[in-house]
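Asker: Heads up, the sequence shown stops at 423 in our numbering, and the numbers go up one at a time, no gaps. Take this structure, written in structure tokens, and hold onto it; I'll ask about it next.
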Amino acid sequence: MMDELFKLSHTFIQNNNKVFKRYFLKKYSLDNRFSIIIGAKGVGKTTAVIQFLLNYIHDDIFSKEALYVQSDHFLVGNHSLYEITEEFVKQGGKLICFDEIHKYPAWSKELKSINDTFPLLKIIASGSSTLEIYRGSHDLSRRAIVYNMHEMSFREFLEFNLTIDFNEYSLEEILNQHQLIAKAIIEKIEDKKLKILPLFKEYLKYGCYPYFCEFEDKNLFYITLEQNIHATVENDLLAICPGLNGAGLKKIKRLISVIAESVPFTPDMRNLKNCLDIGDERTLKNYLKHLEDGRIILTLSKKGSSLKGLEKPEKIYLNNTNLMHAVGSEKKLEKGNLRENFFINTISAFHDIKASKRGDFFVEDAFTFEVGGKGKGYSQISNMPDSYLALDEIEIGVGNKIPLWLFGFLY
13 MMDELFKLSH TFIQNNNKVF KRYFLKKYSL DNRFSIIIGA KGVGKTTAVI QFLLNYIHDD
73 IFSKEALYVQ SDHFLVGNHS LYEITEEFVK QGGKLICFDE IHKYPAWSKE LKSINDTFPL
133 LKIIASGSST LEIYRGSHDL SRRAIVYNMH EMSFREFLEF NLTIDFNEYS LEEILNQHQL
193 IAKAIIEKIE DKKLKILPLF KEYLKYGCYP YFCEFEDKNL FYITLEQNIH ATVENDLLAI
253 CPGLNGAGLK KIKRLISVIA ESVPFTPDMR NLKNCLDIGD ERTLKNYLKH LEDGRIILTL
313 SKKGSSLKGL EKPEKIYLNN TNLMHAVGSE KKLEKGNLRE NFFINTISAF HDIKASKRGD
373 FFVEDAFTFE VGGKGKGYSQ ISNMPDSYLA LDEIEIGVGN KIPLWLFGFL Y
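See the structure below:
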């Protein structure tokens, strides 16, 4: 058994190892004994796991101290994860990585047993079904640390495309030193005979997922994003809401279409409930929460950038601008909608963001932001302390006017 699994592990490692490293392994050392990595399909979880494994064994892919297990492979299906792990540990194994873990039946119970039985073993598990992982990880909450891998930032998109290294900056650094930072970035870009604003437009269209480079025809890339949405609704959502029927799934898909063409969508919960023929408002909020956990939508409330307490959302967005291009009608993709979507997506990755009474967004209970084009003024946030304009179509800002693209360097 183990000879076949080691051979399979070597093959997957060789096929999926990439040179480019995302922010994830720079930010998180994964020093804890048991880690679970979640994230949308296509953000680079498999690559990150393999890069970590290779670093652990000092690039010796034939080492028997580490094993990569594709949990849905037919060779794996012939044995339980526990049996595989037991044999691996007997042969001196120290690190085992389970990918696509959500596709393995009763995965959380097996990982719990593995963790409890082999105290010296380091375990990493990852999966694309964030809904299934969230549900299963409740059994492991005192054993595993769950890491959320976000979509690719604008900074990473530039590094990936141009093979230039860029620093990431804290929110405070961007607010206080944005002119100097923007100038340094632009100089690097222009050394390549390129301009920052056209590159930013490209990122908004297809730069959130590193696998975009596999498609010369970006329409094919958008088809994969649509397929991911359908898989989340038809498989992942149905798995945790078995009461949903075919009619209910159609209503959820209709809701996504409405959001896609109305972003930012300001919901009237009563009308929306009636329109979708959903029995009560709590059920509707639960559906929205599941779509958010599944990385299909982002919600903005007065209390924060998610439906933690199932409060009424002030606005609903698709998760990122690439999904807007994939699902929404091209004619209805307004610049203002794309700008707000980019801002909330990139800020909410590591900062608390809420609806603001006067501006568009209130960040970390301290900073008010209004998002717009280069001609936007301070009228909506005049005389407000710690208020800023995040403006599209400008390369370098002045005063409290900051280029929108620069917030893509937060991670």
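Glycine included, every Cβ here is placed at the ideal spot set by N, Cα and C.
The ligand ATP heavy atoms versus the CB of R167: any closer than 7 Å?
Answerer: Looking for the ligand ATP in the displayed structure turns up nothing, as the structure carries no ligands at all.
Asker: Quick one: is I193 buried, meaning 16 or more other Cβ sit within 10 Å of its Cβ, or exposed?
Answerer: Position 181 of the sequence shown, counting from 1, holds the residue named residue 193. Result: buried.
Asker: For E382, which three-state DSSP category applies?
Answerer: Along the sequence shown, one-based indexing puts residue 382 at 370. Of the three classes helix, strand and coil, the one that applies to E382 here is strand, per DSSP.
Asker: Out of L17, F64, K217 and A156, which has the shortest C-alpha to C-alpha gap to N29?
Answerer: Against the sequence shown, residue 29 aligns to sequence position 17. For the residues L17, F64, K217 and A156, the minimum Cα distance to N29 belongs to F64.
Asker: Between I69 and the rest of its own chain, which residues show a CB-CB distance below 7 Å, the 5 nearest in sequence each way excluded?
Answerer: In the sequence shown, the residue the question calls residue 69 occupies position 57. Here the set comprises S75, E77 and A78.
Asker: With H, G and I counted as helix, E and B as strand and the rest as coil, what does DSSP make of L236?
Answerer: Within the sequence shown, the letter at position 224 stands for residue 236. Residue identity differs from the one stated: residue 236 is Thr in this sequence, not Leu. In this structure, T236 counts as helix in the three-state DSSP scheme.
Asker: Between which two residues does the alpha helix (DSSP H) containing V410 stretch?
Answerer: In the sequence shown, the residue the question calls residue 410 occupies position 398. Note, V410: premise wrong, no alpha helix (DSSP H); not H, not E.
Asker: Assess, as a yes-or-no matter, whether the stretch 248-258 is touched by the stretch 126-144 under the definition of 3 or more beta carbon pairs within less than 8 Å.
Answerer: Flag = yes, the stretch 126-144 and the stretch 248-258 touch.
Asker: Where does L187 sit, in a helix, a strand or coil, going by DSSP?
Answerer: Residue 187 sits at position 175 when you count from the first residue of the sequence shown. Helix.
Asker: Going by DSSP in three states, Q103 sits in which element: helix, strand or coil?
Answerer: Reading the sequence shown from its first residue, position 91 is the one you call residue 103. Correct three-state label for Q103: coil.
Asker: So, with DSSP's three-state summary, where would you put S274?
Answerer: Here the question's residue 274 lines up with position 262 in the sequence shown. S274: helix per DSSP, three-state reduction.
Asker: Cutting at 7 Å between CB atoms, please list the residues of its own chain near D177, excluding the five before and the five after it.
Answerer: Indexing the sequence shown from 1 puts residue 177 at position 165. Excluding sequence neighbours, D177 sits near E171.
Asker: Could you tell me which residues DSSP puts in a beta bridge with T311?
Answerer: For the purposes of this step, residue 311 is taken as the residue at position 299 of the sequence shown. In the DSSP output, where bridge partners are listed per residue, T311 has I328.
Asker: The beta strand (DSSP E) with Y80 in it runs from where to where?
Answerer: The residue you call residue 80 lines up with position 68 of the sequence shown. Residues A78 to Q82.
Asker: Check this for me: beta carbons of I48 and A156, under 8 Å apart or not?
Answerer: Here residue 48 refers to the residue found at position 36 of the sequence shown. Here residue 156 refers to the residue found at position 144 of the sequence shown. Yes, they are a contact pair.
Asker: Would you call the stretch 50-60 and the stretch 228-241 in contact, with 3 or more CB pairs under 8 Å?
Answerer: Contact holds: three or more Cβ-Cβ distances are below 8 Å.
Asker: Determine, using beta carbons only, whether G340 and E273 come nearer to each other than 8 Å.
Answerer: Here residue 340 refers to the residue found at position 328 when the sequence shown is read from its first residue. Here residue 273 refers to the residue found at position 261 when the sequence shown is read from its first residue. Taking 8 Å as the Cβ cut-off, G340 and E273 qualify as a contacting pair.
Asker: Following the continuous alpha helix (DSSP H) through G389, name the residue where it begins and the one where it ends.
Answerer: Residue 389 sits at position 377 when you count from the first residue of the sequence shown. Where G389 is concerned, there is no enclosing alpha helix (DSSP H), given that its DSSP letter is neither H nor E.
Asker: Assess contact between the stretch 120-135 and the stretch 35-49, defined as three or more Cβ pairs (one per stretch) separated by less than 8 Å. Is contact present?
Answerer: With the cut-off at 8 Å, the stretch 120-135 and the stretch 35-49 touch.
Asker: Whose C-alpha, out of I136, L132, N160 and Q189, is nearest the C-alpha of K413?
Answerer: The residue given as residue 413 occupies position 401 in the sequence shown. Of the candidates I136, L132, N160 and Q189, the one whose C-alpha sits nearest the C-alpha of K413 is Q189.
Asker: Looking only at DSSP bridge pairs, what is G139 linked to?
Answerer: As a position in the sequence shown, residue 139 is number 127, starting the count at 1. Bridge partners of G139: I50.
Asker: Quick one: what's got a C-beta closer than 8 Å to I25's C-beta in the same chain, skipping five residues either side?
Answerer: Residue numbering aside, residue 25 sits at position 13 when the sequence shown is read from its first letter. For I25, where only same-chain residues beyond five positions count, the Cβ hits under 8 Å are I62, L65, L66, I73 and Y80.
Asker: Which residues bound the beta strand (DSSP E) around M164?
Answerer: By one-based count along the sequence shown, residue 164 stands at place 152. First-last for M164: undefined, no H or E at that position.
Asker: Quick check on I367: does DSSP put it in helix, strand or coil?
Answerer: Residue mapping note: residue 367 aligns to position 355 of the sequence shown, counting from 1. With the sequence shown as reference, residue 367 is identified as Ala, and Ile is not the correct amino acid for it. Of the three classes helix, strand and coil, the one that applies to A367 here is strand, per DSSP.
Asker: Hey, K263 and L288 are a contact pair by Cβ (cut 8 Å); roughly how many whole angstroms apart?
Answerer: Translated into positions along the sequence shown, residue 263 becomes position 251. Translated into positions along the sequence shown, residue 288 becomes position 276. K263 to L288, Cβ: 4 Å. Contact.
Asker: Hey, would you say L93 sits closer than 8 Å to E122, going by beta carbons?
Answerer: For this step, residue 93 is matched to residue 81 along the sequence shown. For this step, residue 122 is matched to residue 110 along the sequence shown. Contact: yes.
Asker: If you pair each beta-carbon of the stretch 385-399 with each one of the stretch 322-335, do three or more pairs fall below 8 Å?
Answerer: Cβ pair count under 8 Å is below three, so no.
Asker: From L350 to M164, what does the alpha carbon distance come to, in whole angstroms?
Answerer: The residue you call residue 350 lines up with position 338 of the sequence shown. The residue you call residue 164 lines up with position 152 of the sequence shown. Spanning the two alpha carbons is a distance of roughly 16 Å.
Asker: In three-state terms, what does DSSP make of L402?
Answerer: In the sequence shown, counting from the first residue as 1, residue 402 sits at position 390. It should be pointed out that residue 402 corresponds to Ala in this sequence rather than to Leu. Three-state result, A402: strand.
Asker: Which residue or residues does DSSP assign as beta-bridge partners of C220?
Answerer: Residue numbering aside, residue 220 sits at position 208 when the sequence shown is read from its first letter. Note: C220 sits in no beta bridge, so no partner.
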